[in-house]
Amino acid sequence: METIPDMCNKTLSNTVWTCPSDHVFYDASVIWGLIAPRRIFGDLGTYGMVNWFFLYGAIAPLLVWLAARAFPKQKWIKLTNMPVLIGATGMMPPTTAVNYMTWIIVGFLSGFVVYRYRPDWWQQHNYVLSAALDAGLAFMAVFKYLSLLHYL
């Protein structure tokens with residue numbers, strides 16, 4: 000990406016590339032290195048309430064465990080993995096809501112609806128579906144790169 004001039008330049012009117020991960024990395028380095036963390040996340044900062052999410056991260060798995068004990072007939076509660084759900088939000092800044100809505104819809108359909116109503120199909124094809132989605136993503140990344148290589 001560095002070999003193409005102005006690849007991530009937002010000021011150009013004819014570019015579709017914005018490089019959101021690079022911008023998030025730069026913003027994080029400014030927040031944690033240039034500006035004092037106390038001025039951002041401390042008692043002087045505007046994001047001081049974010050620190051409460053550490054407590055939320057410690058309590059959330061306990062709430063799921065208590066819910067599973069209180070409602071033993073609800074099988075989906077035992078399938079909820081709070082560390083994975085909370086950890087997935089770490090990739091949210093460089094993406095849009097469309098990316099996560101697709102992830103939620105496909106995950107819900109595959110992990111709940113198909114698992115519940117067609118367990119034999121789920122057992123046979125779920126990992127094939129996962130591999131197909133991963134391969135499709137990799138194929139499209141290569142295809143876009145090769146098709147746009149000479150255009151840019």
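Residues 0 to 151, numbered by numbering that gives the first Met the number 0, are exactly what the sequence shown covers, in order. Every residue, glycine too, gets a C-beta built ideally from N, C-alpha and C.
By the DSSP assignment, the alpha helix (DSSP H) with Asn125 in it spans what residues?
Residue mapping note: residue 125 aligns to position 126 of the sequence shown, counting from 1. Note, Asn125: alpha helix (DSSP H), Pro118 to Leu147.
Verify whether the separation of the beta carbon atoms of Tyr46 and Phe40 is less than 7 Å.
Position 47 of the sequence shown, counted from the first residue, corresponds to residue 46. Position 41 of the sequence shown, counted from the first residue, corresponds to residue 40. Closer than 7 Å, so yes.
Put Tyr46 into one of helix, strand or coil per three-state DSSP.
The count along the sequence shown starts at 1 and reaches residue 46 at position 47. Note: Tyr46 maps to coil in three-state DSSP.
Nearest candidate by alpha-carbon position, reference Met81, set Gln73, Val112, Leu61 and Arg115
For the purposes of this step, residue 81 is taken as residue 82 along the sequence shown, with counting starting at 1. When each option's Cα is compared against that of Met81, the closest is Leu61.
Proximity to Ile58 [Cα-Cα], best of Met48, Gly44 and Ile85:
If you number the sequence shown from 1, residue 58 lands on position 59. Here the closest residue by C-alpha is Ile85.
Helix, strand or coil for Phe70 per DSSP?
For the purposes of this step, residue 70 is taken as the residue at position 71 of the sequence shown. It is coil, neither helix nor strand.
Where Thr88 sits in the DSSP three-state scheme:
For this step, residue 88 is matched to residue 89 along the sequence shown. Helix.
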